[in-house]
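Numbering (my numbering), first residue to last: 140 to 441.
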Ligand SMILES: [Zn+2]
């Protein structure tokens, strides 16, 4: 199911399985298409590939469906107060920010940000309920369709891809090959895990790679070729960061350049949070690779 706005974030492409048991993967296509689906079909099960906003946004519409998410992230949906610890709020702004965030999402009248879904009320509506957990490696049988759940951490800690061998199709969600590049800007994100997961998923024996955003459904060769270009964005980010490190700079100074998102978008606290965490992960990784050295709390190109 195509999402609104070409499945651009904060929407996503959803997958509906119309079998003896009906299932919806990642209800982030938007209220309009998903309300239409609900009018014509009963959805027995809803699967979230991971807990990010754009993949859970319309969970709340499916009040008579069983909601399932991976066992690693189920605690976040069960108790939304856990989300700030994993998404980056606590890491960047401290625990003091959490109460205010929960108050803002609880109130449907809170003004939304144009740049992130940080204040969207769906955060409140679509969390607080999980009916079950799935595990990596599990196979779910809907009747004719069998779904293999493949763990692919890095984008988030519990991120999962859904593979349908009989149809040669795999839903790869946020391994989406968009020009922006890989996203690992949560506290649970990990660049090396992200790369390893992409390499695992591109080896899956599928003909159709169903991305979660923008790029649509890609054939095997298209997906593999696109993957190299997509992962090269990680190296380009390294280069951009190194280019400002001829002078030693603190993490905050580097984040302040807006190399990833653009400084003008930092007016949104969540965009700055993503910028900060992305830069931090790159600096730490380049330090491990001895491409960056640390002098006190400052970093310099090695
Ligand atoms: Zn995501």
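Every residue, glycine too, gets a C-beta built ideally from N, C-alpha and C.
Item	Value
Would you list the one or two residues that DSSP bridges to residue 328?	According to DSSP, residue 328 bridges with nothing at all.
Leaving out five residues on either side along the sequence, give the residues of the same chain with a beta carbon under 8 Å from the beta carbon of residue 482.	The structure shown does not extend to residue 482, since the chain is modelled only from 140 through 441, so no value can be given for it.
Compute the Euclidean distance between the alpha carbons of residue 173 and residue 192, then round it to the nearest angstrom.	16 Å
For residue 437, which of helix, strand or coil comes out of DSSP?	strand
Just checking my contact of residue 227 with residue 325 at CB under 8 Å: how many whole Å lie between their CB atoms?	5 Å
When you compare the region 274 to 284 with the region 155 to 163, are there three or more beta-carbon pairs, one atom per stretch, that lie closer than 8 Å?	yes
With a cut-off of 5 Å, give the chain-ordered residues whose Cβ is closer than this to any heavy atom of ligand 1.	191, 313
Look at the alpha carbon of residue 212 and the alpha carbon of residue 395, and state the distance between them as a whole number of angstroms.	31 Å
Could you work out which residue in 300, 220, 404 is closest to residue 252 when comparing CA atoms only?	404
Apply the 10 Å Cβ neighbour rule to residue 434 and answer buried if 16 or more other Cβ atoms are within range, or exposed otherwise.	exposed
Whose C-alpha, out of 230, 167, 223, is nearest the C-alpha of residue 200?	167
Do residue 196 and residue 265 have their beta-carbon atoms positioned less than 8 Å apart in this structure?	yes
DSSP state of residue 316, grouped into three classes?	coil
Quick check on residue 339: does DSSP put it in helix, strand or coil?	helix
Taking the C-alpha atoms as reference points, what is the distance between residue 215 and residue 198?	14 Å
If I'm right that residue 294 touches residue 320 with Cβ under 8 Å, what's the distance once you round it to whole angstroms?	Wrong, their Cβ atoms sit about 12 Å apart, outside the cutoff.
Under 8 Å between the Cβ atoms of residue 373 and residue 422?	no
In this structure, how does DSSP classify residue 371 when only helix, strand and coil are distinguished?	helix
How would you label residue 386, buried or exposed, when you count the other beta carbons within 10 angstroms and need 16 or more for buried?	exposed
Which two residues bound the contiguous alpha helix (DSSP H) that contains residue 205?	That residue, residue 205, is in no alpha helix (DSSP H); its beta strand (DSSP E) goes 205 to 209.
Quick check on residue 420: buried or exposed, where buried means 16 or more other Cβ atoms within 10 Å of its Cβ?	buried
Do residue 206 and residue 270 have their beta-carbon atoms positioned less than 8 Å apart in this structure?	yes
Can you list, in chain order, the residues of its chain whose CB lies under 6 Å from that of residue 357, leaving out five sequence neighbours each side?	348
If I follow the unbroken alpha helix (DSSP H) through residue 244, where does it start and stop?	237 to 245
Which partner residues does residue 300 have in the DSSP bridge list?	289
What residues are listed by DSSP as bridge partners for residue 357?	348
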